[in-house]
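For what it's worth, my numbering labels the leading residue of the sequence shown as 52, then goes sequentially.
Don't be surprised by glycine CBs; every beta carbon is placed ideally from N, CA and C.
Just so we're clear, the structure is a prediction, and the values are computed from it rather than from any experiment.
The structure under discussion appears below in the form of structure tokens.
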Amino acid sequence: MKEKLAIDGGSKSITKAFPWPVYDETEIDSVAEIVRGGKWGNPDCGDEVAKFEKEFAAYCGSKYAVSCVNGSVSLRLALIACGVKPGDEVIVPPYTFIATASVVIECNCVPVFVDIHPDTYNIDPKAIEAAITERTKVIIPVHFGGLACDMDAIMDIAKRHNLRVIEDAAHGHGAEYNGKKLGSIGDAGSFSFQSSKNLTAGEGGIVITDDDELYAMMSSLRNVGRVEGGQWYDHYNPGCNYRITQMQSVLLSRQLERLEEQTIKRNQNGLYLNELLKNVKGITPLTRGEAITMHCYHIYIVKYDASKFGDIPKDKFTEMLAAEGVPCFKGYPHPLYKQPLFQNKNFMCYAIPETVDYSEVFCPVAEQACSTDAVWILQHAMLGEREDMESFAAAILKIQAVTSSI
Ligand SMILES: *Cc1c(COP(=O)(O)O)cnc(C)c1O
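Written out as structure tokens, the structure reads:
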């Protein structure tokens, strides 16, 4: 039976809202208490920041955590602490948020784009090996959408080539690889607390590590180059003030108490949605990889095949699905190397060698993901109930019934 699509004025498949962030009086009271106490700052005004850092490090099974203003700065702190020098190469995927690559430029290093695997949309370890040169210093794998990268393979490559690994776990709070929390496997793991992320305080970031030296340097860089035991106006390293407030920290502590339950729910909903979509022609959920014990579905990604939907382009399909009430998005318009920053080499004051040229870079899997394949269902929708997953699948089938004759 063909129903009228919501985009054409028909009734929506789902009318329910999927609120984000999730909070109650507990969060409000905690923040209000700090506001009333008048100690809002960090580091000398109170201990909420250090408390949250300890909680987050313990949650991830890491020795240390250094909080900072956002998940771009946390990547940058980790890169600088790894000791990169101007002109060093850093391997990154092209299918990610700009920060993964732009912080490399900000450290005067050269992002080298390595394609993703078509089954996972995570950086392809086989392609990493081929991109390594004598200038390569760091690999930044991104656990895209909350799905763990093939960390065994990546750590093995890093060991053989003497490279550092900084996990970009901005999508990966609470997710696991072989029972280990994402971010705790490489030399350092970086997280974002920006509004859309699975753990949020509106803004914020954190970087975790087991390495004493990386920790000491990252916490100094975060705090205008001060060192532990030093005087307030003694500055040893070229850092900046990247500190977060006490209000952010208590909010994050309260939100962290909700994270495990939310992650389990998203994971279960993801598994169920995989089942529901298994026999839908033209919609292929990404695989979960073999070593995944917990996927946190920051993004639930399917590959879309227009030929099973009357050749309507992905962007149109995504609009139709959104109109049906499914919180979804078409994703990145282009792989990162296509951004004007790289194509026009707008590197400004940064010390990027003249010879660097992104005009010939082409990663076919990332290209196809951007242009025709990837459709994203967003994390707050994955916090719905089982019936909601059924409604998402039904909305897709409704669109298929109207657009195609299969
Ligand atoms: C959000 C995000 C970041 C950066 O986080 P901000 O807090 O917005 O600076 C880094 N990497 C990825 C993959 C992200 O999605």
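Under DSSP, the alpha helix (DSSP H) around K367 begins and ends at which residues? Under the DSSP assignment, K367 falls in the alpha helix (DSSP H) whose first and last residues are 365-374.
Is S300 a contact residue of ligand 1, with contact defined as CB to any heavy atom under 7 angstroms? No, since every heavy atom of ligand 1 falls outside the 7 angstroms radius drawn around the Cβ of S300.
Within the continuous alpha helix (DSSP H) that includes E78, where are the two ends? Its alpha helix (DSSP H) spans residues 76-88.
When we look at the beta-carbon of D285 and count the other beta-carbons within 10 Å, is it buried (16 or more) or exposed? By the neighbour-count rule (16 or more Cβ atoms within 10 Å), D285 is not buried but exposed.
Report the CB separation of I257 from A101 in whole angstroms; it is logged as a contact under 8 angstroms. 12 angstroms between Cβ atoms; not a contact.
At the level of alpha carbons, what is the spacing between C160 and E84? Looking at the backbone, the Cα of C160 and that of E84 are separated by about 43 angstroms.
Counted within 10 angstroms of its Cβ, other Cβ atoms place Y348 as buried (16 or more) or exposed: Result: buried.
8 angstroms Cβ shell around A357 - same chain, five flanking residues per side excluded: Only G333, I363, P364, K365, F368, T423 meet the Cβ criterion.
Can you pull the DSSP bridge partners for L429? Beta-bridge analysis with DSSP links L429 to I350.
With C-beta atoms as the reference, is I208 less than 8 angstroms away from A182? By the CB criterion at 8 angstroms, I208 and A182 fall outside the cutoff.
Beta-carbon separation of Y293 and S271 under 8 angstroms? No, Cβ-Cβ distance for Y293 and S271 is not below 8 angstroms.
Nearest CA to the CA of V301: which residue from A57, E264, N93, T66? Of A57, E264, N93, T66, the residue nearest in Cα terms is N93.
For V73, count neighbouring Cβ atoms within 10 angstroms of its own Cβ and tell me buried if that reaches 16, exposed if not. That one is exposed.
With C111 as the anchor, note down where its alpha helix (DSSP H) starts and where it stops. Note, C111: alpha helix (DSSP H), 99-111.
How would you label M469, buried or exposed, when you count the other beta carbons within 10 angstroms and need 16 or more for buried? Residue coverage of the chain in this structure runs from 52 to 457, which leaves residue 469 outside it and unanswerable.
Distance cut-off 7 angstroms: Q306 Cβ against heavy atoms of ligand 1: No; taking the cut-off as 7 angstroms, the Cβ of Q306 has no heavy atom of ligand 1 nearer than that.
With distance defined between alpha-carbon atoms, name the residue in P176, D175, Y383, N249 nearest to Q313. Closest option to Q313, Cα to Cα, is N249.
Considering only heavy atoms of ligand 1, does any lie closer than 7 angstroms to the CB of N17? Absent from the structure is residue 17, since the part of the chain shown begins at 52 and ends at 457.
Assigned secondary structure, K188 (DSSP; H/G/I helix, E/B strand, else coil): In this structure, K188 counts as strand in the three-state DSSP scheme.
Compute every distance between the C-beta of F103 and the non-hydrogen atoms of ligand 1, then say whether any falls below 7 angstroms. F103: no, Cβ never under 7 angstroms from ligand 1.
Can you give the beta carbon distance from V193 to D175, rounded, assuming they're within the 8 angstroms contact cut? Going by Cβ atoms, the distance from V193 to D175 rounds to 12 angstroms, so no, they are not a contact pair.
Between which two residues does the alpha helix (DSSP H) harbouring A239 extend? No alpha helix (DSSP H) holds A239; the beta strand (DSSP E) holding it covers 239-243.
Quickly, what does DSSP pair K53 with across the bridge? List them, please. K53 pairs with nothing; no bridge assigned.
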